[in-house]
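A short worksheet on the structure shown next.
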Amino acid sequence: MSGGAALGALWNGYVVLLHATLCLGGVTLALPIARRVGPAARAHVHAAALVGMLLVSVLCWLPVGAWGRGVPAPVAAPLLALGAAAMAFPTGEAAARTTATLATALLALWIGGALLVLARMAAGWWSVRAITRRATPVTDRAWTRALRDACTAMGTHQGVELRLSDEVATPLTWGTLDPVILLPSSAAVWPAERRRLALLHELAHVRRLDCVVQALAHVAFAWYWFHPAAWWARRGLRDAREEACDARVLAAGVRPSEYAQCLLDVAAEARGRTLHASASLAMARAPQLHTRVRRVLATRAGAPVHATPTWVSRGVLAAALAWMLLLGSLRLGPDRALLWDALGGDAWPRRAYAAAVLGQSRFPQVRAELRARAADDPHPVVRRLARAAR
């Protein structure tokens, strides 16, 4: 990639980053309401935050509107610097070449990190897929009857396949169109109650389409791997997702003490073994286990469990979509006052960048003022850009 192209790409990347941050900020304003509604609503908010970041980054590159908004000086400083360097780069100025080299390095770091995260996801997916092929289909009548009863309890009508494997340590679910529940080989001798609880939990993931959401969220996290809010949203999604599934299990009439014991037993069997968490949804992950058990035990037997109404879920998704479309049509740039200040500065690249941006204004009076102010500019590039602002 040439230096000029790297400068342009990094400028666009910074704008996308601003859009994504706004998306996260707007979506997470719904968290206080989601906490009152229940864990499923909170999972929707975190999922909308991650997927929204991904969609906004796509919308920013598409011609889907052009209403602008200026950003304040601290946020606009990198835009002014990159824009000025892009203007000066063809002239071969040393400062512009240095900035272009730095831009190329930053882009390589950004893309390299994203590829590493995606490679980890692909490796996990391929590993689980290979394990599934080697796994043995469950034909035991006790398991098939337990699966049928659990599907009825969860309201799941999608076909789900059960497989046993000595390569997994805990029940896990993966697959979007054709979900598969992989069971450890020790599950063949599990008591009936543990079978039922494990199936209820995994079918809750199937009912919520968690595998689809996790795949989209993982792609979004890969693109924004360096953004602290992306780490926060991913962790929040994971925690809220498991809490929502636990709530569904308890809502099926399970005693909290029995379910907590099941989680501990499954985790004990899985200790020290790989869970393939990037590609699947494991039932009992150690980092979350203590919090989940305490939360389950804090639920009184027979107490009403929070469930997100359908209209709330649709409302959250509709609001998130509207926010994404709004941000996608927003064009961020330096505040107009900053551009006028840059136009009166000493460095011609900054003046040229200011003239280029002001010349694209949709307000005729702004373009007319630009032509008047830059008519006698000492640098020909600035004068040419001002004359082109018609």
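Following the numbering used here, the numbering of the sequence shown begins with 114 at its first residue and continues without gaps. Glycine included, each C-beta is placed from N, C-alpha and C at the ideal position. Since this is a predicted model, take the numbers as computed values, not measurements.
For residue i, the residue or residues it bridges with in DSSP
i	result
residue 296	277
residue 217	Bridge partners of residue 217: none, in fact.
residue 134	Answer is none; residue 134 lacks a bridge partner.
residue 250	276
Backbone secondary structure at residue i - three-state DSSP
i	result
residue 287	strand
residue 211	helix
residue 412	coil
residue 304	coil
residue 407	helix
residue 530	Because residue 530 is not part of the residues shown, which for the chain are 114 to 503, the question remains open.
residue 503	coil
residue 128	helix
residue 401	helix
residue 270	coil
residue 322	coil
residue 349	helix
residue 194	helix
residue 457	coil
residue 142	coil
residue 366	coil
residue 355	helix
residue 282	coil
Cβ pair residue i, residue j closer than 8 Å
i	j	result
residue 330	residue 163	yes
residue 507	residue 457	This structure cannot speak to residue 507, because the chain is shown only from 114 to 503.
residue 287	residue 264	no
residue 269	residue 316	yes
residue 359	residue 409	yes
residue 143	residue 129	no
residue 375	residue 310	yes
residue 346	residue 137	yes
residue 485	residue 467	no
residue 412	residue 363	yes
residue 357	residue 153	yes
residue 273	residue 319	yes
residue 475	residue 502	no
residue 297	residue 371	no
residue 335	residue 234	yes
residue 312	residue 377	no
residue 338	residue 227	yes
residue 267	residue 361	yes
residue 333	residue 167	yes
residue 461	residue 492	yes
residue 350	residue 133	no
residue 449	residue 490	no
residue 223	residue 151	no
residue 487	residue 495	yes
residue 432	residue 402	no
Limits of the alpha helix (DSSP H) - the one that residue i falls within
i	result
residue 340	No alpha helix (DSSP H) contains residue 340, which DSSP labels as neither H nor E.
residue 155	152-172
residue 494	493-500
residue 265	254-267
residue 480	477-487
residue 464	461-471
residue 379	369-383
Contact test: residue i Cβ vs the ligand GDP heavy atom, cutoff 7 Å
i	result
residue 457	This structure lacks the ligand GDP, and indeed carries no ligand of any kind.
8 Å contact criterion, which residue i and residue j should meet: CB distance rounded
i	j	result
residue 295	residue 244	7 Å
residue 308	residue 256	7 Å
residue 304	residue 271	Not confirmed; about 27 Å, so no contact.
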